[in-house]
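Residue numbers for the sequence shown follow my numbering, so the first one is 423 and each next one is one higher.
Glycine included, each C-beta is placed from N, C-alpha and C at the ideal position.
All values derive from a computational prediction rather than experimental measurement.
Let me begin by presenting the structure, written as structure tokens, before commenting on it.
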Amino acid sequence: MKLCLKRTPFVRVSLKASLVPPTCCSSGGTRPPLRPRISSAAPLWSVTANAAKSNTNMAANRVLVYGGKGALGSKCVQHFKSKGWWVASIDLAANEEANENVIVKLTESFTEQAGQVSADVAQLLGEQKVDAILCVAGGWAGGNCNSKDLYKNTDLMWKQSVWTSTISSHLAARHLKADGLLTLAGAKAALSGTGGMVGYGMAKAAVHQLCQSLAAKNSGMPSGAAAVTILPVTLDTPMNRKFMPDADFSSWTPLEYIAELFFNWATGVDRPASGSLMQLLTSGGETQAVATQ
């Protein structure tokens, strides 16, 4: 069946509505946002008609990557594709390596954005179910309660982390297989107070709470499905290296490690219990995933 696409209007994308995955979760003071702006030079595309459902049948396993254009999301798309999985990316711009893309339209309304993404994913998948949904969307912005940017940055953090995680949970309820996997992106820093980055800490703490709620009775998750949140400190990305060139990179978590970790969990290897908050602790170039007690 042929994939029908509709060209959406030219949109200038600003940092305010970024869905780029979190590249750094370390505590501390304000620093420049760790992501480039998405170029608006190329037109955006969205799934609008009969998606190529036949393509979803070509692979035995399927995964949705929310934030699939960012650093971590792109690595996840690459890794799962290399394993023979069908991969769909959800983001503000298309990931050309993915089998399919759902383009998120910019809006100040959560209900509008959630409705649009949910409808496009439903149209893409039809009756097909996916084995895993990886929500790696997010971002970073600092500021304490006296910051002139408190309101702006808190709004940004909520959109980047809480909106995307909430939408992903609904997608899991509708499209995840029984015994499937949903991952969310939290932060180790949000296990305690984050005075220098109030909005960031609030948003990540909300993601932690959502994960534990999804593991509770009557959450709406499919039978046997697991919701697991990763809590990194600092991810080893090109942008983090650019902004922190003198840091100890051996204490940063490689993106490849996380992609492989997700793949193992998705295939049932050492998968944590649903509701787990998994700290990613890296030292001397070695990383361990440790459950928060």
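CB-CB length for residue i against residue j, believed under 8 Å
{"i": "Ile555", "j": "Leu604", "result": "5 Å"}
{"i": "Leu734", "j": "Thr659", "result": "The displayed coordinates of the chain run from 423 to 715. Any statement about residue 734 would go beyond what the structure contains."}
{"i": "Gly617", "j": "Ser583", "result": "Actually they do not touch by this definition, with Cβ atoms about 18 Å apart."}
{"i": "Cys498", "j": "Ala695", "result": "Wrong, their Cβ atoms sit about 22 Å apart, outside the cutoff."}
{"i": "Glu519", "j": "Gln535", "result": "So it is not a contact: roughly 24 Å between Cβ atoms."}
{"i": "Asp553", "j": "Ala688", "result": "6 Å"}
{"i": "Gly410", "j": "Ser672", "result": "In the structure displayed, the chain extends from 423 to 715; residue 410 sits before or after that span and is not available."}
Spatial neighbours of residue i in its chain, beta-carbon cut-off 6 Å, leaving aside the 5 residues before and after
{"i": "Ser698", "result": "Val650 and Ala713"}
{"i": "Met619", "result": "Gly564"}
{"i": "Ala600", "result": "Pro644, Ser645 and Gly646"}
{"i": "Leu547", "result": "His597"}
{"i": "Pro576", "result": "Strictly speaking, residue 576 in this sequence is Thr, with Pro absent from that position. So the list reads Gly621, once near-sequence residues are dropped."}
{"i": "Tyr679", "result": "Thr709"}
{"i": "Ala464", "result": "Caution is warranted here: a pLDDT of 32 is assigned to Ala464, below 50, making its placement in the model unreliable, and the coordinate value is therefore given only provisionally. Around Ala464: no qualifying Cβ."}
{"i": "Ala590", "result": "With the sequence shown as reference, residue 590 is identified as Ser, and Ala is not the correct amino acid for it. Correct list, in chain order: Tyr488, Ile555 and Cys557."}
7 Å CB neighbourhood of residue i in its chain, flanking five on each side removed
{"i": "Asn521", "result": "Asn477, Trp508, Val509 and Ala510"}
{"i": "Gly551", "result": "The sequence as given places Lys at residue 551; Gly does not occur at that position. Cβ within range, chain order: His597, Leu598 and Lys599."}
{"i": "Asn566", "result": "Gly617, Gly618 and Val620"}
{"i": "Asn568", "result": "none"}
{"i": "Ala637", "result": "Ala649, Ser696 and Gly697"}
{"i": "Ala473", "result": "Confidence in Ala473 is poor, its pLDDT being 42 and thus under 50, which makes the residue's placement too unreliable to answer from."}
{"i": "Gln538", "result": "Lys527"}
When the options are compared against residue i, the one with the closest alpha-carbon
{"i": "Ala612", "options": "Gly621, Lys626 and Leu606", "result": "Lys626"}
{"i": "Val691", "options": "Trp674, Gly602 and Gln701", "result": "Gly602"}
{"i": "Met700", "options": "Ala711, Ser614, Gly492 and Gly707", "result": "Ala711"}
{"i": "Trp562", "options": "Arg693, Leu703 and Met661", "result": "Met661"}
Short Cβ contact (8 Å threshold) for residue i with residue j
{"i": "Ser540", "j": "Asn517", "result": "no"}
{"i": "Leu653", "j": "Ala594", "result": "no"}
{"i": "Leu606", "j": "Leu632", "result": "yes"}
{"i": "Gly506", "j": "Cys557", "result": "no"}
{"i": "Phe685", "j": "Phe532", "result": "no"}
If you scan the segment 572-648 from start to end, which runs of the beta strand (DSSP E) of 3 or more residues do you find wholly inside it? Along the length of the segment 572-648, whole beta strand (DSSP E) runs at least 3 residues long occupy 598-607, reported in chain order.
Segments assigned alpha helix (DSSP H), at least 4 residues, entirely inside the segment 532-563: Listed in chain order, the alpha helix (DSSP H) runs fully inside the segment 532-563 are 532-547, counting runs of at least 4 residues.
Length-filtered (4 minimum) alpha helix (DSSP H) runs lying within the segment 487-519: Runs of the alpha helix (DSSP H) lying entirely within the segment 487-519, each at least 4 residues long, are 493-504 in chain order.
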